[in-house]
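Novice: This structure is in structure tokens; I'll ask about it shortly.
Residue numbers (our numbering): 169 to 310.
This is how it looks when you write it as structure tokens:
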């Protein structure tokens with residue numbers, strides 16, 4: 169970590185493309201801007217690139233894997249690249265959810281955690297919380 173990236177006046181630290189402060193963890197504003205300006209993908213390579221960046225911040229988005237599913241299907245072997253209305257909708261929704269992502273709470277070692285989970289034949293999802301505040305979201309398609 170470089171000391172030039174620490175802003176002692178604001179009480180925050182840039183760490184691994186996150187901003188960490190007493191309030192919690194947020195996304196790096198430069199990455200948020202990159203997401204808002206991301207053009208519609210026109211190839212599998214571009215979808216993979218977008219999902220790489222978006223996936224890094226998946227813990228900020230409830231139901232990330234469900235939202236990303238139409239896009240991840242494009243990366244399957246033998247899948248023809250067809251950008252349809254559903255994929256456009258999910259692409260824009262993922263961008264919006266990432267731009268307006270919550271501040272994730274830093275866990276405290278002084279008390280317990282709560283895990284809320286749900287599962288179906290298609291996927292799994294959970295929320296890790298402490299004191300009624302979100303620490304992380306996790307989801308996975310089956």
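Glycine included, every Cβ here is placed at the ideal spot set by N, Cα and C. Just so we're clear, the structure is a prediction, and the values are computed from it rather than from any experiment.
Do residue 304 and residue 272 have their beta-carbon atoms positioned less than 8 angstroms apart in this structure?
Specialist: It is a contact, given that the beta carbons lie within the stated cut-off.
Novice: Do you know whose CA, among 290, 257, 267 and 210, lies nearest residue 195's CA?
Specialist: The residue with the shortest Cα to Cα distance from residue 195 is 267.
Novice: If you scan the region 205-270 from start to end, which runs of the beta strand (DSSP E) of 3 or more residues do you find wholly inside it?
Specialist: Complete beta strand (DSSP E) runs here, min 3: none at all.
Novice: On the CB-based measure, 16 or more other CB atoms within 10 Å of its CB, does residue 233 come out buried or exposed?
Specialist: Under this definition residue 233 is a buried residue.
Novice: How would you label residue 228, buried or exposed, when you count the other beta carbons within 10 angstroms and need 16 or more for buried?
Specialist: The residue in question, residue 228, is buried, as its Cβ has 16 or more Cβ neighbours within 10 Å.
Novice: Does residue 199 come out as helix, strand or coil in the three-state DSSP assignment?
Specialist: DSSP places residue 199 in helix when its eight states are reduced to three.
Novice: Starting from residue 307 and walking both ways along the beta strand (DSSP E), at which residues does that stretch end?
Specialist: Start and end: 301-309.
Novice: Would you call the region 198-217 and the region 270-287 in contact, with 3 or more CB pairs under 8 angstroms?
Specialist: With the cut-off at 8 angstroms, the region 198-217 and the region 270-287 do not touch.
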